[in-house]
Amino acid sequence: MASLAVGVSLVLFLVFESRILGDPALRTAGRRASPERIGAERLRLGQVSEFETGVLRVEADCDRELQIQVAVAAGSLVLQLLPDGPQTGAPLEGRSVAEVAAALDGRVLAPGVVLRVRPDSLAAGARPAAGIGTALAGTPAVFDDRGGVRLGWARAVPAPRRFLLRASRLLRFDFGESWDSRRPIGPELLPRALRSLALGLPAFTLTTVLALGLALLAAGARGRTDRTLAWLSAAGMAISVLVWIVVLRALFVGELKWFPAAWDRPYAAALVLPALIWVAAAVWPELRYYRTVVLEEMGREYVQAARARGLGTGAVLRRHVLPNVRVPVLAQSLAILPFLALGSLLLERVFAIPGLGGFAVDAVFHGDEPVLQAVSWCFALLYLASQWLADLGYPLADPRMRKLA
Amino acid sequence: MKRWLLVLGIYAAVAVCAAFGVLGADPMRQDGARLLEPPGAHALLGTDHLGRDVFAQTLHGARVALLVGGFAAGLAVALGAGLGVLAGWRRGWFDALAGWLAGAVAAVPSVLLILGLAQILGRGFAAVYLAVGLASWVQCFRIVRAETLRLADREFVLAARAAGASDRRILLHHLLPNLAPLLLVQFALHFVFAVKVEVVVSFLGLGLPLGAPSWGAMIGHAPDDLAQHVWWPLAAATLAMAGLVLAVHRLADGLRERLDPAEAPAA
C-alpha cells in the first residue's frame, strides 16, 4: 500500500512537475514572460531554492561598448571583462551576485557605457526564458531583449529532492492552494466529494439494479428479448457519453423545461436529471457485463439440476442465479466506487455541479495543477480503499473464498 | 464478423479517400452566406455554425478518428504488451517494478491523466496520441502479462527451450504468434476507448488542433447547436462514430469468440 502511494506520487510528479513533458514554469508563466516572472514561478514550484534578479541593471543609452563575459565557477558568479571593450578595472571573478553588483555599481552606470553580456552558454537569439533555463543549469545570467542587462542567480533543486518534498506534502494532505482561486485546496475536497457522491451513489445504485434486472430478464426470456437487449446495449455503448448528456439536457432542460438548469436550491432537484442521464449512459456497458455473467451462471450444472427438479425460470433466477452473481456484482461495484466520489467529470461540468469531478475539469481548463494533483491523489486513496474493501468483501460474499483469505 | 469487417473497411476507404482529397469537399471551408443550413440539395447533411459542410466534415472525421484510434491504441498496446511480455517472461524484479508502475498509473483516474497530459502537451495530433496512449496501457499490460505467464509454462515453450532456442526466438516465434489474437482484441478495445475519449477531450477544449475535422469537435459544439434546433452536425457525427465503434466492438467480440469460445459473451 505504501509502495503504491509512492508510485502514485511518482506518476503525478512525472506528469506535472518533472520537466519530462516540458517546463512547468514556462507553462504557467507563459513562454514570453519576463525573466522575473519565470524566476518567481520556478521559486514557487520549488524548482529553484533561491532566485534573485535585478541585481545588475545597466541602461543602454550610449555608443561605447563594455563587454563582459559571464561564467560560473564553483557555485559563484564570474564576470570577466573582455579586452576589446573599455577597461573598467580588474576582472570581477569569483564574487557573489551582490558583491559583483556592488563592485560594478559606480563604473558601469557611468554615462556613456553600455554593458553587453555575452555568455558562451547561450545560443544567439535565445529567449529570456531560455536564459533562465541555463541559469537553472548553473549559469546565473538572465537577459532581457531590450538592451538592458539583468543578472539573476538561481540555485536549482535536484529532481529527487523535489519529488520527496512533493510526495511528503501529498502524504500529509498538504495540497497547497489553487493557482486559480488562490484558496487552499484541502478544505474544499470533502464537501465537493460529498456532492459528487450525492449524484453518483443514487445514479450508480439505479444503474446497477436496472442493468442486473435487464440482464436477468434477457437471460430468463432468451430469444428475441435477449437479442433486442444485446443490440440495445451494443448501440447504447457505441454512442458517446457526451451525446447522451448534451441531447438529454437540451431536451429536458432546454425544450421541456422539466428540470432546473442551474445548481441551486433545492439541490436534490438539481441532481435528478444528471442522475438520470448517468443511468441512461452507464446502463449499457453494465447490462452487457451482467448479461455475460448471468448467462455464464445459467450454464452451470447446479442450474440444470434446479431445472431438472422442476423449478421455473423465475425461481431459478431468483433463488439460485442471483445469489451466485454476488461476487461479480460486488467486484464491479467496488471497481466503480472511487469513480463515485469523483463523480462524472462531464456531468458535473455541464450541469455546473460543484463536485470533485467538475473541480478537476475546471482545473484542467485553468492549468491548475495543484488541484489536479489533489483530486488525483484522493482518487488514488479511494482506489486503494476499494481494493482493500474487495479483499474484505469477497470472502463475505462467497464462502469458497474464505479459505483462501 | 465478415459484415463488421466490411463496415470497418468502408470507414478505412472513406478515410483514405478523404486523406487524398478524392472524397468530400474541403471540410473546413467556411461559407458565411450559408450558416446552419439544414440538410438539403446544396449540402447533403447541411452546414454548421461556420458554414462548413457537415457531410465533408463527417467523412474527414473518419480519417481523424482512425488516426487517433490507431495511433493511441498502437501506443497503448505496444507499451502494455511490451512491458507485459517482458514482465511475464523475465519475472523477478522487472515484473515487480512493472507491476508497481502499472498499479500506480491505474490508481490515477485515466480520464484525469489524459486531460492533464493533453493540457500539458498542448493541442495537436501527437499530443492526443501520447496522452491517450500513455494513460491507458495498464489494462493491456495486465492481460498480456497474465497470458505470458500462462504460456511460459506450457509444453511448447519448454520444448522450444529444450531444443536450444534463445529467449529472443521463443518470444518472437513461439509466444508472439500465440499472443497475437489477444493483442488484436486489446488493440480494438483501446481503439474504441481512444475514439470515445477524443470526443470528451475535444469538448473540454483540449486535444486536436483547432480546425481538425473531428467528430469530437462536431459533438463538442452541440450544446450551442441544439439551443438553435440545429441537430444535423451532432446526428452525423454521432451516427458515424457509433458505426465505427460498433464495428470495432463486434470485431473484437468475434475475435474473442474464436480465441476462446468458452469465455466470449454469448451474442
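Taken in order, these protein sequences are the chains called U and B.
Just so we're aligned: 103 in our numbering is position 103 of the first sequence, and the numbers increase by one with no gaps anywhere.
Just so we're aligned: 1148 in our numbering is position 148 of the second sequence, and the numbers increase by one with no gaps anywhere.
No residue lacks a Cβ here, since even glycine has one placed at the ideal position from N, Cα and C.
Worksheet item: What's the gap between the Cα of GLU1147(B) and the Cα of ARG1123(B)?
Response: Taking the straight line joining both Cα atoms gives about 37 angstroms.
Worksheet item: At least one CB of chain B closer than 9 angstroms to the CB of SER237(U): is that the case?
Response: The sequence given here has Met at residue 237(U), not Ser. Taking Cβ atoms only, chain B reaches closer than 9 angstroms to MET237(U), which makes this a yes.
Fill in: C-alpha gap between GLY357(U) and VAL364(U), whole angstroms
For GLY357(U) and VAL364(U), the distance between alpha carbons rounds to 11 angstroms.
Item to complete: Quick one: residues in its chain with C-beta nearer than 7 angstroms to the C-beta of LEU1102(B), no 5 flanking neighbours on either side, listed in chain order?
Response: Rather than Leu, the amino acid found at residue 1102(B) in this sequence is Ala. Short of 7 angstroms from the beta carbon of ALA1102(B), and not among the five residues preceding or following it, lie these beta carbons of its own chain, in chain order: VAL1138, PHE1141 and ARG1142.
Discussion item. Following a CB-centred definition, is LEU295(U) positioned closer than 8 angstroms to any heavy atom of the ligand GDP?
Written reply: Absence of the ligand GDP is noted for the structure shown, with no ligands found whatsoever.
Worksheet item: Which residues in the same chain as ALA281(U) place their Cβ atom closer than 6 angstroms to its Cβ, once the five residues preceding and following it in sequence are excluded?
Response: Closer than 6 angstroms at the Cβ level, and outside the excluded window around ALA281(U), lie VAL241 and TRP244.
Discussion item. Distance cutoff 9 angstroms, beta carbons only. Does GLY213(U) sit that close to anything in chain B?
Written reply: Not an interface residue.
Fill in: Straight-line Cα distance separating ALA1106(B) from ARG326(U)
If I take the Cα positions, the gap works out to 25 angstroms.
Discussion item. Measuring straight from C-alpha to C-alpha, what distance separates LEU1158(B) and HIS1173(B)?
Written reply: Approximately 13 angstroms, taken between the alpha carbons.
Discussion item. Going residue by residue through the region 1017-1075 of chain B, where are the continuous beta strand (DSSP E) segments of at least 3 residues, counting only ones entirely within it?
Written reply: Counting only runs of 3 or more, we get nothing.
Practice prompt. State yes or no: is the beta carbon of LEU115(U) nearer than 9 angstroms to at least one beta carbon in chain B?
Written response: Model confidence at LEU115(U) stands at a pLDDT of 38, short of 50, so the residue's coordinates are unreliable; what they give is reported in the following sentence. Not one chain B Cβ lies under 9 angstroms of LEU115(U).
Worksheet entry | Beta-bridge partners of PRO184(U), as assigned by DSSP | According to DSSP, PRO184(U) bridges with GLU177(U).
Practice prompt. Compute the distance between the beta-carbons of PHE359(U) and TRP263(U), then report whether it is under 9 angstroms.
Written response: Cβ atoms of PHE359(U) and TRP263(U): not closer than 9 angstroms.
Discussion item. Counting C-beta neighbours from all protein chains within 10 Å, is the total for GLU255(U) 16 or more, i.e. buried, or is it exposed?
Written reply: When all chains shown are included, GLU255(U) counts as exposed.
Discussion item. Counting only beta-carbon separations shorter than 9 angstroms, does PHE1203(B) have a partner in chain U?
Written reply: Output row for PHE1203(B): interface = yes.
Fill in: Contacts of THR1238(B) in chain U (Cβ-Cβ under 8 angstroms)
Correct list: ILE239, SER240 and VAL243.
Worksheet item: With 16 other CB atoms within 10 Å as the buried threshold, where does GLU301(U) fall?
Response: It is exposed - the Cβ of GLU301(U) has fewer than 16 other Cβ atoms within 10 Å.
Worksheet item: What are the start and end residues of the alpha helix (DSSP H) that includes GLY357(U)?
Response: It spans 356-365 - the alpha helix (DSSP H) in which GLY357(U) sits, taken as one unbroken run.
Practice prompt. With a cut-off of 8 angstroms on the beta carbons, I'd call VAL1014(B) and LEU1059(B) a contact; round off their distance for me.
Written response: In this structure VAL1014(B) is in contact with LEU1059(B), their Cβ atoms being roughly 6 angstroms apart against a cut-off of 8 angstroms.
Discussion item. Within 8 angstroms, do at least three Cβ pairs link the region 280-300 of chain U to the region 321-335 of chain U?
Written reply: Result yes; three or more Cβ-Cβ pairs closer than 8 angstroms.
Worksheet item: Going along chain B in order, which residues have a C-beta closer than 9 angstroms to the C-beta of LEU384(U)?
Response: Going along chain B in sequence order, the residues near LEU384(U) (Cβ under 9 angstroms) are ALA1107.
Worksheet entry | Residue-chain proximity (TRP1100(B), chain D), Cβ-Cβ < 9 angstroms | Of the protein chains in this structure, namely U and B, none is chain D.
Worksheet item: With a cut-off of 9 angstroms, does the C-beta of ILE132(U) fall near any C-beta of chain B?
Response: Caution is warranted here: a pLDDT of 40 is assigned to ILE132(U), below 50, making its placement in the model unreliable, and the coordinate value is therefore given only provisionally. Taking Cβ atoms only, chain B never reaches closer than 9 angstroms to ILE132(U), which makes this a no.
Discussion item. DSSP three-state label for LYS257(U), please.
Written reply: Coil at LYS257(U), not helix or strand.
Worksheet entry | Beta-carbon neighbours of ARG27(U), restricted to chain B and to distances below 8 angstroms | What ARG27(U) touches in chain B: ILE1120.
Discussion item. Count Cβ pairs between the region 377-388 of chain U and the region 335-347 of chain U that sit closer than 8 angstroms; are there 3 or more?
Written reply: Counting C-beta pairs closer than 8 angstroms gives three or more between the region 377-388 of chain U and the region 335-347 of chain U, which meets the contact rule.
Practice prompt. Please confirm if the region 1115-1134 of chain B is in contact with the region 1200-1208 of chain B, defined as three or more CB-CB distances below 8 angstroms between the two stretches.
Written response: Taking 8 angstroms as the limit for Cβ pairs, the verdict is that the region 1200-1208 of chain B does touch the region 1115-1134 of chain B.
Discussion item. So, at 6 angstroms on beta carbons, what are the nonlocal neighbours of GLY1046(B) in its own chain, with the 5 sequence-adjacent residues on each side left out?
Written reply: GLU1037, PRO1038, PRO1039, VAL1054 and TRP1232, listed in sequence order.
Worksheet item: If you compare alpha carbons, which of LEU334(U), SER196(U), LEU165(U) and LEU14(U) is closest to VAL272(U)?
Response: Among LEU334(U), SER196(U), LEU165(U) and LEU14(U), the Cα nearest to that of VAL272(U) is on SER196(U).
Worksheet entry | Where MET1001(B) falls: helix, strand or coil (DSSP) | Reduced to three states, the DSSP call for MET1001(B) is coil.
Worksheet item: Since LEU1005(B) and LEU1183(B) are thought to touch, with beta carbons under 8 angstroms apart, how far apart are those beta carbons, to the nearest angstrom?
Response: Approximately 17 angstroms separates the beta-carbon atoms of LEU1005(B) and LEU1183(B); this is outside 8 angstroms, ruling out the contact.
Worksheet item: What distance in whole Å lies between the Cβ atoms of ALA275(U) and LEU199(U), which are believed to be in contact at a cut-off of 8 angstroms?
Response: Confirmed, about 6 angstroms.
Discussion item. Determine, for PRO260(U), whether the minimum Cβ-Cβ distance to residues of chain B falls below 9 angstroms.
Written reply: For PRO260(U), the nearest beta carbon of chain B is not closer than 9 angstroms to its own beta carbon.
Fill in: Own chain, CB closer than 6 angstroms to GLU369(U), minus 5 neighbours either side, in chain order
If we look at GLU369(U) and ignore the five residues flanking it on each side, its Cβ neighbours are PHE16.
Discussion item. Using C-beta distances below 6 angstroms, list every residue in its chain close to GLN1186(B), excluding the 5 sequence neighbours before and after it, in chain order.
Written reply: So the qualifying residues of the chain are VAL1077 and CYS1140.
Worksheet entry | chain B residues whose Cβ lies nearer than 8 angstroms to that of ALA379(U) | Looking at the sequence itself, residue 379(U) is Phe, so the reference to Ala does not match. Here the neighbours are ALA1107, VAL1108, PRO1109 and LEU1112.
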